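Just so you know, the sequence shown maps onto residues 20 to 188 in the numbering used here. Using N, Cα and C, we set each Cβ at its ideal position, and we do this for glycine too. Predicted model, so just to flag it, every value in this text is computed and none were measured. All remarks here apply to the structure that follows.
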Amino acid sequence: MKEIFNRRSIRKFLDRPVEKDKIDLLLKAAMQAPSAGNQQPWEFIVVENKEALEKLGRMTPYSKPAAESAVTFVLIANCKELRHNTFWPQDLSAAMQNILLEAVQLELGAVWMGVATNKAAEDYLIDMFHFPEYIKPFALVALGYPDGQMNEFTDRYKPEKVHYEKWNG
Ligand SMILES: Cc1cc2nc3c(=O)[nH]c(=O)nc-3n(C[C@H](O)[C@H](O)[C@H](O)COP(=O)(O)O)c2cc1C
């Protein structure tokens, strides 16, 4: 699938909004992800307000792309009634990857910005959004039309990482 091979982290964005139908497609793609026990623990805060984007850009030294993005999603897990309560980071990762791939398909740029398990970043979002204890901040994804950067192939295939039948490090 070309979106997998061409996807790159895009950190610079044009001053151009992302259309509402594209935002909806990104969220639909996220919610198509697999999840443990099909619990779908994900929730999404869609941030387009400039002040809030700038505040997200100050979350960590690596979250600056949020400040100039057209829209940033805050991915959170609702752990209130989870039967399997250890799998949510994996569920949210699958949702995140779907967003990144859908963004390529929509000719957008995107970058995943880690939150869990950086306590300072988690606390920053808990303070910003007043999350109760059962809402776990997972990550940010900044989105927009790329400015000077492109989704383009880089070859990362390393045959030495593949083991057949047994590990032979
Ligand atoms: C868990 C995780 C956390 C990341 N956090 C950040 C981040 O905070 N800021 C950032 O600019 N990129 C972040 N990235 C993006 C990586 O730096 C990027 O995926 C990696 O350098 C490979 O480049 P590529 O995405 O262009 O293929 C993160 C990626 C992952 C998977």
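Does the Cβ-Cβ distance between residue i and residue j come in under 8 Å?
i    : j    : result
G167 : S88  : no
A161 : V130 : yes
A55  : Q116 : no
T91  : L119 : no
F24  : F172 : yes
L125 : K31  : no
M132 : Y81  : yes
R27  : Q58  : no
Y153 : K99  : yes
P165 : G128 : yes
Among the residues of its own chain, which have a CB less than 7 Å from the CB of residue i, if the five just before and after it don't count?
i    : result
V134 : A140, E141, L144, P156, F157, A158, L159
G121 : The residue you asked about is not Gly; residue 121 is Glu in the sequence shown. Only L44, L45, A48 meet the Cβ criterion.
Classify residue i as buried or exposed, calling it buried when 16 or more other Cβ atoms lie within 10 Å of its own Cβ.
i    : result
L33  : exposed
V93  : buried
I95  : buried
W186 : exposed
V181 : exposed
G188 : exposed
Which residues in the same chain have their Cβ closer than 6 Å to the Cβ of residue i, if we skip the five residues on either side of it in sequence?
i    : result
R77  : none
L111 : W61, L94, A96, F157
I64  : V93
E67  : V90
Between residue i and ligand 1, is the CB less than 7 Å from at least one heavy atom?
i    : result
R30  : yes
Y143 : no
S17  : Since the displayed the chain opens at 20 and closes at 188, residue 17 lies outside it and no answer follows.
M169 : no
W61  : no
M147 : no
R27  : yes
V130 : yes
Apart from the five residues just before and just after residue i, which ones in its own chain have a Cβ nearer than 8 Å to its Cβ?
i   : result
Q51 : N117
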